[in-house]
Amino acid sequence: MKLATRIALSVTVVVPLLVLGAGLLVLGLVSRDLHRQQDTRLQDLAAAALPDVRTLLAADLRGRPKVEQNQHRKVLDAVLDAGILVRSADGADVLEGGPRPADPARLPEPGTGGPVTVRAKGHAWRVLTVAVAGPAPGTLWLFTPASAADPQLTAVRGRVLLVALLSAPVSGLLARALAGRATASVRRLSRRAAALDPGAGAAAFATAPVHIAEVDELSAAIGQLLARYEEQAARTAQALDTARSFSSAASHELRTPLMSMRTDLDVLAAHPDLSPAERAEVVKDLQGDHARLLELLTALQMLARGDLVEASAFGPLDLAELVDTAVAEVARRHPRARTSTDLPAELRVFGWDAGLMILLTNLLGNAVVHGHRPDRAPVVRVRLRARGPYAVLTVDDEGPGIPPQDHDSVFRRFHHRPGSPGSGLGLTLVAQQAALHGATVTIGTPEGGAGARIEVRLPLAAADGGALPALPARRDWISRGDAPAAGPADSQRNHKDGP
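Going from the sequence shown to our numbering is simple: count from 1 and add 31.
This is the structure:
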C-alpha cells in the first residue's frame, strides 16, 4: 500500500474520531451552560417574587383572605412559567402553582445554596430553595424541568454527528491529495535510487535539497551509503592490487635467491665428495640466501600492512617508550653496534604503534648496517626532543654519508647501492610510515661533519587526545616503483637503503 493511501485512510478514521471527541466536549460545555442559565433564571425569579411572597405569608398569618388572594396573583405573575411552592413556618402550603415534583417530601431544605437537581418518578427538576425571613417566616421553592434544555442539546448532538459523518470523506480526499503531493519528492528520490548505477558513486546521486527535512535526510543517508560503498570498493580494489603487487614483487625478487639456493643444492647433490671447507662455504651461502628470503618477505608484508592500515588503528602513544624499545631491539640484533640515546621521560604523539615500530627499527637498522666504515664498529646516536608542536627524532651515524644525487632514489623499492646488503625496502618502509603519520624526514650531516643524520618530525598529540589528519588517499608503496617523498620536495629527503 502506498504511503499516500495509508495517510489518507488514517486521516479518514482519525478526523471523525477527533470531531466526535471535540463534539462530546462541546456538548458537555453547552449542557453546563444551559443548566447555568436555568439556575440564573431561577435565582432572578426568586429575587423578583420574594417581596410578594413575604407579603403573602404575612397576609396568611393575619388571616386576610383578600390580600392573600391578590398576592397569589402577583407571585404567580412574577415566577412566570416556573413551578412554585410557598410554605409557612407551621408547614402549611400557602401557595402552589406551575410544574413541580409530585413528591413534596423530597424537596431540599433551606441552606442548600444554589439550585439542586431533584428526581421524582422518572423526572428531573432543578429546584431553588429560599428561606423567607421576617415577621411571617416561611420557605419558597421554585421549580423548572431539567429536561427543558434537552431540545437544544439534541440539536447540538445532531450537528456534531453530521459534521463527523461529513468530515470522513472530505478529510480522506484532502489527505489523499496532500499526501500525494507531499510524497512526490520521495517517489522521485526512489526512482533516482532505483536507476542509479552503483559504479557511478556518490557524486552521481548528489542533488539539490528539496527543503523537506525527511526527504533531505533520506537523500543524505543514501549519499553517505554510496560514499561508504565507494570507499569500501576502493579499499577492496586497493587490497587486491596490494595482493597482486605483493605476489609480483615476491616472485620477481625471490627468483634470484631461490635460483642461487637451487644451484648450491645441486652442487651439494652432485658433489658428495666436497671437502669440509667447500661444503661449509656452500652451506653458508644457503643460509645467507635463506636469511635474505625471510627478510624480503617480512619487508613486503610490512609494506602491505602499511598500504592497508585503517585510521581506527591510530591513537595516542608514548614515542619515547617506542624509541627506547626499538633501540634495545637493534642492539640485541647487532651486538657490535654502539648505541647512545637521549630521550625525555615521555613524549606523546598520535600514531599507529606497529607502524612507528616499523619506522624506528628500519631507520635504526639502516644506520647500523650502512652507517659505519668497514674497519669500525657501528656507532649510532639517537635523540628525541619536543620542538614546538612536533616531536623531533634524529639518528646520527659515522658512515660515508649520502651523496646529494642519491636523495631522490633511496626510497625506491629494492634500491641498492653496489654491494649493499639488505632487501632494498627498509627506507621505503620509513617513507611509507612517515607519510601515514603526517611526518617529515630530512637528511643532513651530524655536527662533527662525518656520516649522515636523519631527522624525523612528527606532530605531537593534542592535550585533548587530538586526531590524525586524513590518511593519504594514495597508498600504493608496494605497487609502484618509487616511494613518495616524506614531505615537500625541496626540503624533505630520505636516507639510504634499509637493512
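Think of the CB as a built atom: it goes at the ideal place given N, C-alpha and C, for glycine as much as any other residue.
Remember, it's a predicted structure, so these values are computed and weren't measured experimentally.
(Q) Here's a check: name, in chain order, each residue in its chain whose Cβ is nearer than 6 angstroms to the Cβ of Pro-225, leaving out the five neighbours to either side. (A) The residue given as residue 225 occupies position 194 in the sequence shown. According to the sequence as given, residue 225 is Ala; it is not Pro. For Ala-225, where only same-chain residues beyond five positions count, there are no Cβ hits under 6 angstroms.
Q.
Classify Ala-517: buried if its beta carbon has 16 or more other beta carbons within 10 angstroms, exposed otherwise.
A. Counting from one through the sequence shown, the residue named residue 517 turns up at place 486. Here Ala-517 scores only 44 on pLDDT, less than 50, and its place in the model should not be relied on; the value that follows carries that caveat. With at least 16 other beta carbons inside 10 angstroms of its own, Ala-517 counts as buried.
(Q) Three or more C-beta pairs under 8 angstroms: does that hold for the region 405-412 against the region 458-472? (A) The region 405-412 is not in contact with the region 458-472.
Q. Hey, quick one: how far does the beta strand (DSSP E) through Thr-160 stretch, first residue to last?
A. Within the sequence shown, numbered from 1, the residue matching residue 160 stands at position 129. Residues 154-163.
Q: State the Cα-Cα distance for the pair Leu-173 and Arg-85, rounded to the nearest angstrom.
A: Taking the sequence shown and counting its residues from 1, the one referred to as residue 173 is at position 142. Taking the sequence shown and counting its residues from 1, the one referred to as residue 85 is at position 54. Each residue's alpha carbon lies about 15 angstroms from the other.
Q: Using beta-carbon positions only, say whether Thr-170 and Pro-139 come within less than 7 angstroms of one another.
A: The sequence position of residue 170 within the sequence shown is 139, counting from 1. The sequence position of residue 139 within the sequence shown is 108, counting from 1. For the 7 angstroms CB-CB criterion, Thr-170 and Pro-139 do not form a contact.
Q | Host beta strand (DSSP E) of Glu-127 (start-end) | A | Taking the first residue of the sequence shown as 1, we reach residue 127 at position 96. Glu-127 -> beta strand (DSSP E) spans 124-128.
Q | Inter-residue spacing [alpha-carbon to alpha-carbon] between Ala-520 and Gln-332 | A | The count along the sequence shown starts at 1 and reaches residue 520 at position 489. The count along the sequence shown starts at 1 and reaches residue 332 at position 301. The predicted position of Ala-520 is uncertain, since its pLDDT is 33 and thus under 50; a value taken from the coordinates is nonetheless stated next. Computed Cα separation, rounded: 27 angstroms.
Q | Per-residue burial, Met-292 [other beta carbons within 10 Å of its own, 16 or more giving buried] | A | Translated into positions along the sequence shown, residue 292 becomes position 261. Buried: at least 16 other Cβ atoms inside 10 Å.
Q. Does the beta-carbon of Lys-527 have 16 or more other beta-carbons within 10 angstroms, so that it is buried, or is it exposed?
A. Counted from its first residue, the sequence shown places residue 527 at position 496. At Lys-527 the pLDDT is 38, less than 50, meaning the model places this residue with poor confidence and gives no usable figure here.
Q: Within its chain, find whatever has a CB closer than 7 angstroms to the CB of Gln-436; leave out the 5 residues flanking it on each side and keep chain order.
A: Counting from 1 along the sequence shown, the entry for residue 436 is found at position 405. Cβ neighbours of Gln-436 beyond the five flanking positions: none.
Q) Should Ser-250 go down as buried or exposed, given a rule of 16 or more other Cβ atoms within 10 Å for buried? A) Residue numbering aside, residue 250 sits at position 219 when the sequence shown is read from its first letter. Of the other Cβ atoms in all chains shown, 16 or more fall within 10 Å of the Cβ of Ser-250; this residue is therefore buried.
Q. Should Val-201 go down as buried or exposed, given a rule of 16 or more other Cβ atoms within 10 Å for buried?
A. Against the sequence shown, residue 201 aligns to sequence position 170. Exposed, since its Cβ has fewer than 16 Cβ neighbours within 10 Å.
(Q) Please report the straight-line C-alpha distance between Gly-185 and Ala-252, rounded to a whole angstrom. (A) Within the sequence shown, residue 185 is the residue found at index 154, counting from 1. Within the sequence shown, residue 252 is the residue found at index 221, counting from 1. Note on identity: in this sequence residue 185 is Thr, with Gly being the wrong assignment. Each residue's Cα considered, the two are about 55 angstroms apart.
Q: Kindly list the residues whose CB is nearer than 8 angstroms to the CB of Pro-240, restricted to its own chain and excluding five residues on each side of it in sequence; keep chain order.
A: Within the sequence shown, the letter at position 209 stands for residue 240. Asp-247 and Ser-250, listed in sequence order.
Q | Boundaries (first-last residue) of the beta strand (DSSP E) holding Pro-347 | A | Counting from one through the sequence shown, the residue named residue 347 turns up at place 316. Counting along the chain, Pro-347 sits inside the beta strand (DSSP E) bounded by residues 346-349.
Q. From Ala-357 to Leu-350, what distance separates their C-alpha atoms?
A. Working through the sequence shown from its first residue, we reach residue 357 at position 326. Working through the sequence shown from its first residue, we reach residue 350 at position 319. Across the structure, Ala-357 and Leu-350 are spaced so that their CA atoms are roughly 10 angstroms apart.
Q | Distance between Pro-288 and Gly-419 (C-alpha atoms, nearest Å) | A | Against the sequence shown, residue 419 aligns to sequence position 388. Against the sequence shown, residue 288 aligns to sequence position 257. Taking the straight line joining both Cα atoms gives about 47 angstroms.
Q: Give the secondary structure of Thr-148 by DSSP, where H, G and I count as helix, E and B as strand, and everything else as coil.
A: Here residue 148 corresponds to residue number 117 of the sequence shown, with the count starting at 1. For Thr-148, the secondary structure class from DSSP, reduced to helix, strand or coil, is strand.
Q | Nearest-angstrom Cα separation, counted from Ala-483 out to Ile-433 | A | On the sequence shown, residue 433 is found 402 positions in, with the first residue counted as 1. On the sequence shown, residue 483 is found 452 positions in, with the first residue counted as 1. Their Cα atoms are separated by approximately 7 angstroms.
Q) Starting from Gly-382 and walking both ways along the beta strand (DSSP E), at which residues does that stretch end? A) Taking the sequence shown and counting its residues from 1, one reaches residue 382 at position 351. In this chain, the beta strand (DSSP E) harbouring Gly-382 covers 379-382.
Q. If you check the beta carbons only, do Val-106 and Val-187 fall under 7 angstroms apart?
A. Residue mapping note: residue 106 aligns to position 75 of the sequence shown, counting from 1. Residue mapping note: residue 187 aligns to position 156 of the sequence shown, counting from 1. No, these two residues do not count as a Cβ contact at 7 angstroms.
Q: Might you give, ordered along the chain, the residues of its own chain that have their beta carbon closer than 7 angstroms to the beta carbon of Arg-488, omitting 5 neighbours on each side?
A: On the sequence shown, position 457 is the one that residue 488 refers to. Excluding sequence neighbours, Arg-488 sits near Tyr-421, Val-423, Ala-470 and Thr-471.
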